[in-house]
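Q: Residue numbers (my numbering): 1 to 61.
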């Protein structure tokens, strides 16, 4: 009985460790994607501003 509990504990601990690794990997991927998204938004904003200026679409005061 004790051996079985030790085996179960070991198996659960191994699975938990793997889940923690997966969570860490996903968190790192999320951070990379958030950074990439921010960079793409800045590039889009830059391109829109250039287009507005180039086409003279801004309002004159």
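Built from N, CA and C at the ideal position, the CB exists for glycine as well.
What's the gap between the Cα of residue 29 and the Cα of residue 23?
A: Translated into positions along the chain shown, residue 29 becomes position 29. Translated into positions along the chain shown, residue 23 becomes position 23. Cα to Cα, the separation comes out at about 10 Å.
Q: With C-beta atoms as the reference, is residue 51 less than 9 Å away from residue 42?
A: In the chain shown, residue 51 corresponds to position 51, counting from 1. In the chain shown, residue 42 corresponds to position 42, counting from 1. No, these two residues do not count as a Cβ contact at 9 Å.
Q: Rounded to whole angstroms, what is the Cα-Cα separation between residue 48 and residue 27?
A: Looking up residue 48 in the chain shown gives position 48. Looking up residue 27 in the chain shown gives position 27. For residue 48 and residue 27, the distance between alpha carbons rounds to 31 Å.
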